[in-house]
Amino acid sequence: MTFSKVTKLAIMGGVAASISAVPAFAQEAEFALAADTAYIFNTLLFLLGGFLVMWMAAGFAMLEAGLVRSKNVSMQSLKNIALYSIAGIMYWLIGYNLMYTGVDGGFIGSIGTYGFDPVGLDGADAAALLDTGYSTASDWFFQMVFVATAASIVSGTLAERIKLWPFLIFVVVLTGFIYPIAGSWQWGGGWLSEMGFSDFAGSTLVHSVGGWAALAGAVLLGARKGKYDAAGNVSPLPGSNIPLATLGTFILWLGWFGFNGASQLAMGTISDVSDVSRIFANTNIAAAAGVVTTIILLQILYKKVDVTIVLNGALAGLVAITAEPLAPAVWQAIVIGAVGGAIVVFTVPMLDKLKIDDVVGAIPVHLFAGIWGTFIVAWTNDGASYGTQIVGIVAYGVFTLVASFVVWFIIKTVIGLRASEEEEMMGLDKAEVGVEAYPEFAT
Amino acid sequence: MTFSKVTKLAIMGGVAASISAVPAFAQEAEFALAADTAYIFNTLLFLLGGFLVMWMAAGFAMLEAGLVRSKNVSMQSLKNIALYSIAGIMYWLIGYNLMYTGVDGGFIGSIGTYGFDPVGLDGADAAALLDTGYSTASDWFFQMVFVATAASIVSGTLAERIKLWPFLIFVVVLTGFIYPIAGSWQWGGGWLSEMGFSDFAGSTLVHSVGGWAALAGAVLLGARKGKYDAAGNVSPLPGSNIPLATLGTFILWLGWFGFNGASQLAMGTISDVSDVSRIFANTNIAAAAGVVTTIILLQILYKKVDVTIVLNGALAGLVAITAEPLAPAVWQAIVIGAVGGAIVVFTVPMLDKLKIDDVVGAIPVHLFAGIWGTFIVAWTNDGASYGTQIVGIVAYGVFTLVASFVVWFIIKTVIGLRASEEEEMMGLDKAEVGVEAYPEFAT
Amino acid sequence: MTFSKVTKLAIMGGVAASISAVPAFAQEAEFALAADTAYIFNTLLFLLGGFLVMWMAAGFAMLEAGLVRSKNVSMQSLKNIALYSIAGIMYWLIGYNLMYTGVDGGFIGSIGTYGFDPVGLDGADAAALLDTGYSTASDWFFQMVFVATAASIVSGTLAERIKLWPFLIFVVVLTGFIYPIAGSWQWGGGWLSEMGFSDFAGSTLVHSVGGWAALAGAVLLGARKGKYDAAGNVSPLPGSNIPLATLGTFILWLGWFGFNGASQLAMGTISDVSDVSRIFANTNIAAAAGVVTTIILLQILYKKVDVTIVLNGALAGLVAITAEPLAPAVWQAIVIGAVGGAIVVFTVPMLDKLKIDDVVGAIPVHLFAGIWGTFIVAWTNDGASYGTQIVGIVAYGVFTLVASFVVWFIIKTVIGLRASEEEEMMGLDKAEVGVEAYPEFAT
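Residue numbers (the numbering used here), protein chains in the order written: chain X, 1 to 443; chain G, 1001 to 1443; chain E, 2001 to 2443.
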């Protein structure tokens, strides 16, 4: 059975040279079919992955709506649908080109216009696209939903005290500029990519970038009133709707199959679709390991199993495996996810000691577990080195932290970041949205 | 590279005549593969699109459950699962044939029995289906979920005062007769289709039809007690669960990728799957534009950003792009969606002035934005004319409004539509469902 | 048009013998493409089905969180994310091999290690996999999510009084041993499979197994305090969040397209994908029939339409059609689903008479409707006999009931099953989770 090699070559584009014994038409027909079919499969993977990651926007919305107090739930709902929308528009206007066009080993792409493939592609247009291997619009869609994920992370950390418009302005800059510039270094073919840094689906490029941006904001914004008192005591300010937060976590878990799986970027060969399958299995089991680890640790440490930490344990397992969901054996994926879960258990209290008020625990989950996942790539992926992974982690940290801090600082100076004390007490829903989330229930 | 044209011809069915120079077997083999593969892709598109649109039933349920008062939430949940179920059965019994069989430029299809493709298709059965290009059952499934969408729109507008059984009876007529007859004019190949009317995925055929039916019902049913007083004041009667309404909106947004994307009806060629990708991108950005537009307008007009209007802004953007999600360039999709959002902001108060009580804002979203989206098709689709679009809009309006009014009127006369004042005060959950939605919370 | 038979043979693997007139290369190329493409489609079906069934875990979580009282909602959320995680890990460690490796007509598989397909499959590895027809990891993923479903059923029945750790320990045994051993008899090619038992997607293997395990637990655990009094009166103890339960039902309905549809196990031929389409249509309409039947029966019997029974009616329709979603004509699927719905209406009160406290109604839905669905396979599937179906039903019942009872009994003896009366009164959320589900609402 030598055929699969032939087909593969055809799909890869290395056609003409390698095969010469076959009659001309048969050759054409074969490759046409292979390239056509692969093109459709690849494009379909982006569309499937894209709608699954789009669905993560709902996951973040529900997670955050469940973990804030009822007086800020409408605001959190609003911010999440707004950030997803802004991300889409900004990434179309500026971000996509800045991340992918003309980076070539450098630090930034270009600003300029572009269009999607014309309607009803045929002839030469179609042939040209076959070389790319997928539809441009499907790639755009898939990349766009990733940007929104980074912005969602910021939304969770800064909840319950940041005003609407300062937040939305930061989202404009994050999704239009900071994320795409940082992303260009690796996925755009920039300097980190040339150096050999490895981040399969974005533990660093998406999750840590969101985490660093959130951290910068949290420091400048300060904690919620009543969270920390002068004596160093921490008040929990419990979330208002735990099943909603649970739903959000399940949505994110589901969406992550698209996030990691479709980051294979192709499923038009048996090799690619089998790799996507490995990624599904590893992604799932890393999250499961995060859950089980947090449950055991919480039982041992506190004698009670705080479900909100368990939910974050699942997410931390997912973030940790995201940098390399393909190479690990299943048992390695379990280890990677389990450490992610443990990180949440141990660092949530640490942030409280630093009086950094992260409402939903996004910094432990997305930043700390993201760093862990990116670092440990070198364990399972022979092409990666611990040294280069650290370079990448530090580079993304420094750039995103500094850039975000500057943007947050400018916004704070010009229009202010924070709701007034009175508004914070009454809740942002009454103050800025004008709609209570649960008008008949909340006390 | 001339192969793609050959392949395309093969898929289109125009096989024998166009190609004669190739050896007989190679020809057979090639077309077999192409047609087989295309058939699977097309069928898969219907299945994917179908389950995404089915999921919209959950979206409507959550949106409506979130926007009614807590005393009517169980009823709203019940109505939504009931209408989805009735739609499926009625569309199988009557609707599918009435919409698609034997319309031929006319006004109505036929009533009669039909079956799906036999189990384990092969030989001549399979060959016959290859000409169709997709599995009958997959097409049925995809068309069926659209009917349910139309019925969901009615459910939202008439909430909190219509009794269960009158509503269910109307759903029987709408999904078994009104929707399929109207649909046959265009998608069934009827007179509007022959005239050149264009409605890609149903801004008019699904959303406006639902909207007109809702409007007829709202007029006959009257407003909820306490909504409007004699002096012309409007009481808001706020929804009981905003995050649930937000979830519903995200579900609908997700489902819309199936709604519009799979309305391409094929993805077995590079052209088709690239078009599906364009549709995904345009659909998403139109919704995003609806969101951003409503946020900006609400801030300017009211200084507060009512999240329920923003949710409806997203939906209006989606409805608006539905009539033509393929042809627009991205910036045009933004304009189309943004106008959809603006329509919501300006027409919600207008309905209140007319004392038409539309509980969830379904008429602005589905009817008004649906008309806008249908009209503006002529801007981006060279094959459409404003004149014919208007003919279609008016024809659907007149037919659906009159037919619905007659049906509502008969139901009202025979068994009554509206809960008694006492039942309305206590809530339909206690009156007709016997189950309170939130027995431990609501005050 | 003789080509489709050729292609089909190629896909089926029966290649060399049947075709000899074609030139050698063309033959290779053709079959290569067919096998490649079919492999990708089959694998994709498992991935699609897998993520849809994974999503059912969220459905069970929401259904159960909605149907318990608010003081136990955090616990129910925790149990559901925990059981899904444990199922994944146990099924990887032990279950998959126990169910599928070396059963060969017997009663049990083997314990041993296995790995997924290597990364970047090529050459001989790829060729070997082409014979299997799908990626191993995709199959593992799809089988794994089924195990979790069985465990979810148990969670619902035993809610509100079983402690966290006894439940989790039972889940370990159920997902690692009981379910896979039982499953091996049929899907692993064991003795029931050889006898001709038929259970397409698991009415018995998944749903009844979960139901029997739940029943054993419910008997040993006893009813919730206050559910039954000495005089034989039943107090309803109503669920705290009906729209959440509705959402859960819709999620399950959606996931069921993957559950039944992907149980076709292939979509790389026109026959297979057409069968998947039939399954989608039948699955949907059986659920719809369950809904409509319960609504009509409830109206007649009680004059009120209890939405929680209607939700269970949908699920019972789904469970009933699961044993044979392919063979029935649509009208037969309606009958099968309708009887499923009726079973719920009539057996929920029956369990209460027996003082078996099934919090969410899982035993009527999954066990009773599962038995019905499995029995009635013989009506529509010519390959099945009523006698053998009964043998299978009884075999699964006896084994699962006895095995579960023993495990429950051991756990009860060693560490106890049930929360103390005081803990039950205060709610498991406070007692074991330390997080209230709705801290600002519940009274």
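C-beta: ideal position from N, C-alpha, C; glycine also.
At a cut-off of 8 Å between beta-carbon atoms, residue 1128/G makes no contact with chain X. Per DSSP, residue 2270/E has no beta-bridge partner at all. Interface with chain E (8 Å Cβ-Cβ cutoff): residue 46/X is excluded.
At a beta-carbon threshold of 7 Å, the residues of chain G lying near residue 2304/E are 1432, 1433, 1434, ordered along the chain. At a Cβ-Cβ threshold of 8 Å, residue 85/X and residue 1291/G count as neighbours. Residue-level contact by beta carbon fails for residue 2414/E and chain X, as no gap is shorter than 8 Å. Residue 1134/G is positioned such that its CB atom lies no closer than 8 Å to that of residue 1260/G. Residues are counted here when their Cβ sits less than 8 Å from a Cβ of chain E; for the segment 309–326 of chain X these are 310, 311, 314, 326, given in chain order. Where residue 1327/G is concerned, there is no enclosing alpha helix (DSSP H), because DSSP gives it neither an H nor an E. At a cut-off of 8 Å between beta carbons, residue 2243/E contacts chain G. Near chain X, meaning a CB-to-CB distance below 8 Å, no residue of the segment 2221–2240 of chain E qualifies. Cα atoms of residue 2102/E and residue 2109/E: separation of roughly 5 Å, rounded to the nearest angstrom. Residue 2094/E has its alpha-carbon roughly 16 Å from the corresponding atom of residue 2136/E. For residue 2088/E, the enclosing alpha helix (DSSP H) covers residues 2073–2090.
Per DSSP, reduced to three states, the secondary structure at residue 418/X is strand. Contacts with chain G at 8 Å (Cβ-Cβ) include residue 2257/E. Remark: C-beta atoms of residue 2054/E and residue 254/X approach each other more closely than 8 Å. Collapsing the DSSP output to three states places residue 2179/E in a helix.
Our two residues, residue 426/X and residue 1238/G, have alpha carbons roughly 18 Å apart in a direct line.
Here the C-alpha atom of residue 258/X lies approximately 22 Å from the C-alpha atom of residue 1270/G.
C-alpha of residue 2393/E to C-alpha of residue 2373/E: approximately 10 Å in a straight line.
Scanning 328/X, 107/X, 402/X for the CA closest to the CA of residue 192/X turns up 107/X.
The alpha-carbon separation between residue 2356/E and residue 337/X amounts to approximately 40 Å. Judged by DSSP in its simplified three-state form, residue 1114/G adopts coil rather than helix or strand. Counting C-beta pairs with one atom in each stretch, the segment 402–411 of chain X and the segment 1405–1413 of chain G have fewer than three that are closer than 8 Å, which means they do not touch.
Taking a beta-carbon distance threshold of 8 Å, residue 2296/E does not count as an interface residue toward chain G. By the beta-carbon neighbour count (other beta carbons within 10 angstroms, threshold 16), residue 1346/G is exposed. Within 9 Å of the CB of residue 2272/E, no CB atom of chain X is found; the nearest one sits about 16 Å away.
In the three-state reduction of the DSSP assignment, residue 2438/E falls in the coil class, being assigned neither a helical nor a strand state.
Residue 115/X belongs to the set of residues whose beta carbon lies under 8 Å from a beta carbon in chain G. Taking 3 residues as the minimum length, the segment 1282–1322 of chain G contains no beta strand (DSSP E) run wholly inside it.
Of the other Cβ atoms in all chains shown, fewer than 16 fall within 10 Å of the Cβ of residue 2302/E; this residue is therefore exposed.
Around residue 1218/G, the same chain offers 1157, 1158, 1356, 1357, 1358 as residues with beta carbons nearer than 7 Å, after the five sequence neighbours per side are excluded. Counting C-beta pairs with one atom in each stretch, the segment 2161–2168 of chain E and the segment 2115–2133 of chain E have fewer than three that are closer than 8 Å, which means they do not touch.
Residue 118/X and residue 1285/G have their alpha carbons spaced roughly 17 Å apart. Ranked by how close their Cα comes to the Cα of residue 2215/E, the residues 2330/E, 2111/E, 2366/E have 2366/E in first place.
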